[in-house]
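Visitor:
In my numbering, the protein residues as written are 1 to 131.
Here you go:
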């Protein structure tokens, strides 16, 4: 029961307000210093500060962004083993995101077309890339 109380979905985090991760796409994974960086195409909702009306050929507002997991101590693909986070990140695939949640203190689970990945790190930060 304690684990269920600690579990929180990304929609509950203020950093992820007015975006939809389930309509976003992972482009790549890599480690910079001690942080895991997940490059994404991020779906912005109309209430988001940086939302822009889509051009005629576009249907939604997508912006380049990344999710940073500071102080990444462990990175494990479901069914895989623990190892060097940079080496594991290099093997992870891309695809649509289906979920991101905190499972326990400093343990996060991100899932999607690329599989399920567990990250032991500080609270994730969502940052837009500047053009």
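Think of the CB as a built atom: it goes at the ideal place given N, C-alpha and C, for glycine as much as any other residue.
Below 6 Å CB to CB, which residues in the same chain sit around residue 47 once its five sequence neighbours on both sides are set aside?
Guide: Cβ within range, chain order: 18.
Visitor: Whole angstroms is fine: what's the gap from residue 44's alpha carbon to residue 101's?
Guide: If you take the alpha carbons of residue 44 and residue 101, they lie about 19 Å apart.
Visitor: Check whether the stretch 122-130 and the stretch 60-73 are in contact - that is, three or more C-beta pairs closer than 8 Å.
Guide: Touching, per the Cβ criterion.
Visitor: How should residue 114 be labelled, buried or exposed, when 16 other C-beta atoms within 10 angstroms of its C-beta is the threshold for buried?
Guide: Residue 114 is buried by the Cβ-count criterion.
Visitor: Run through the stretch 47-112 for me and flag every whole alpha helix (DSSP H) of 4 or more residues, listed as ranges in chain order.
Guide: Fully enclosed alpha helix (DSSP H) runs of 4 or longer: 85-91.
Visitor: Could you give the distance in angstroms between the alpha-carbon of residue 87 and the alpha-carbon of residue 27?
Guide: Spanning the two alpha carbons is a distance of roughly 17 Å.
Visitor: Using the rule of at least 16 other Cβ atoms within 10 Å of the residue's Cβ for burial, across every protein chain shown, is residue 57 buried or exposed?
Guide: By the neighbour-count rule (16 or more Cβ atoms within 10 Å), residue 57 is not buried but exposed.
Visitor: Could you name the residues that DSSP lists as bridge partners for residue 18?
Guide: Beta-bridge pairing links residue 18 to no other residue.
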